[in-house]
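Residue numbers (my numbering): 374 to 582.
Yeah, the Cβ is synthetic: ideal placement off N, Cα and C, and Gly gets one too.
Everything numeric in this text was worked out from a predicted model, so none of it was measured.
Presented below is the structure to which this report refers.
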Amino acid sequence: MKKYSLHSLIKEKRKALKLTQKQLAKAVGVSHVTISQWESGITSPKGMYIGKLSDALNVTVHELTYGSSPNTEPGPDLRGKVPLISWIRAGSWLEMEDGEPEATTYYAHTANVGPRAFALRVKGDSMTSLNGGKSIPEGSVVIVDPDIQAENGKVVVARLDDTSEATLKQLVIDGGQKLLKPFNHTYPVTPVNGNCTVIGVVKQVIQDF
374 MKKYSLHSLI KEKRKALKLT QKQLAKAVGV SHVTISQWES GITSPKGMYI GKLSDALNVT
434 VHELTYGSSP NTEPGPDLRG KVPLISWIRA GSWLEMEDGE PEATTYYAHT ANVGPRAFAL
494 RVKGDSMTSL NGGKSIPEGS VVIVDPDIQA ENGKVVVARL DDTSEATLKQ LVIDGGQKLL
554 KPFNHTYPVT PVNGNCTVIG VVKQVIQDF
């Protein structure tokens with residue numbers, strides 16, 4: 374049985390589509406030198422490029438990642454992988470020069486997000502509803518896009534000016550007042566007015582059972 378190789382698959386699919394390395398590079402948003410390095414095995418695509426690469430090569434993310442399609446009923450199309458980062462790292466995400474850290478864990482997702490998206494594992498029960506409403510329980514993973522405008526009612530990752538760690542809350546805009554509201558009513562609502570930076574908007578919640 375032929376051993377799966379991501380590098381050879383990229384080259385094989387590119388040639389099957391009669392694409393040059395420069396054409397594929399333009400579609401993915403990298404240089405043709407990067408494509409050459411991927412195909413030769415010098416480097417591998419980072420998670421932020423997997424979705425665009427699979428689209429350009431007309432394959433699923435699963436096939437690109439594992440070399441074959443899953444033997445199950447088709448579910449939502451995976452759009453890529455994002456790095457799982459710490460809440461401290463999230464607090465300074467917008468100031469980072471390099472949008473992707475040296476992460477050891479990536480999460481596949483089906484959300485429509487930009488290249489700077491990231492994942493966080495939820496800590497605590499402040500977003501766990503006690504009355505059966507919307508809930509984001511501890512241990513679940515949220516996919517966050519920092520390039521989306523935060524609107525009233527959206528769940529956001531934000532950082533207050535007096536702390537370095539980010540927090541997960543629902544953004545409520547009531548008149549001219551902005552509030553960070555937990556789903557768990559036993560936690561306080563935090564008024565914000567120029568003392569808060571919204572890092573990103575939650576686009577998907579992933580729960581492992």
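Query: Pair within 8 Å by beta-carbon distance, Pro519 and Leu467; Result: yes
Query: Distance CB(Val575)-CB(Val528) smaller than 8 Å; Result: yes
Query: N- and C-terminal bounds of the alpha helix (DSSP H) containing Gly420; Result: 420-430
Query: Between the CA atoms of His435 and Pro447 - distance to the nearest angstrom; Result: Low local confidence applies: a pLDDT of 48 at Pro447 is under 50, so the model's placement there is unreliable, with the coordinate-based value given in what follows. Taking the straight line joining both Cα atoms gives about 11 Å.
Query: Minimum C-alpha distance to Gly420 - residue among Pro555, Tyr479, Lys542; Result: Tyr479
Query: Proximity of Tyr560 and Ser508 at Cβ, strictly below 8 Å; Result: no
Query: DSSP three-state assignment for Ile579, whether helix, strand or coil; Result: strand
Query: Proximity below 8 Å, CB of Arg532 to CB of Gly464; Result: yes
Query: Gln577 vs Ala481 beta-carbon contact at 8 Å; Result: no
Query: Closest Cα partner of Ser409 within the set Ile516, Ile383, Glu511; Result: Ile383
Query: Closest residue to Ala490 among Gln543, Lys551, Glu511, Tyr422 (Cα-Cα distance); Result: Tyr422
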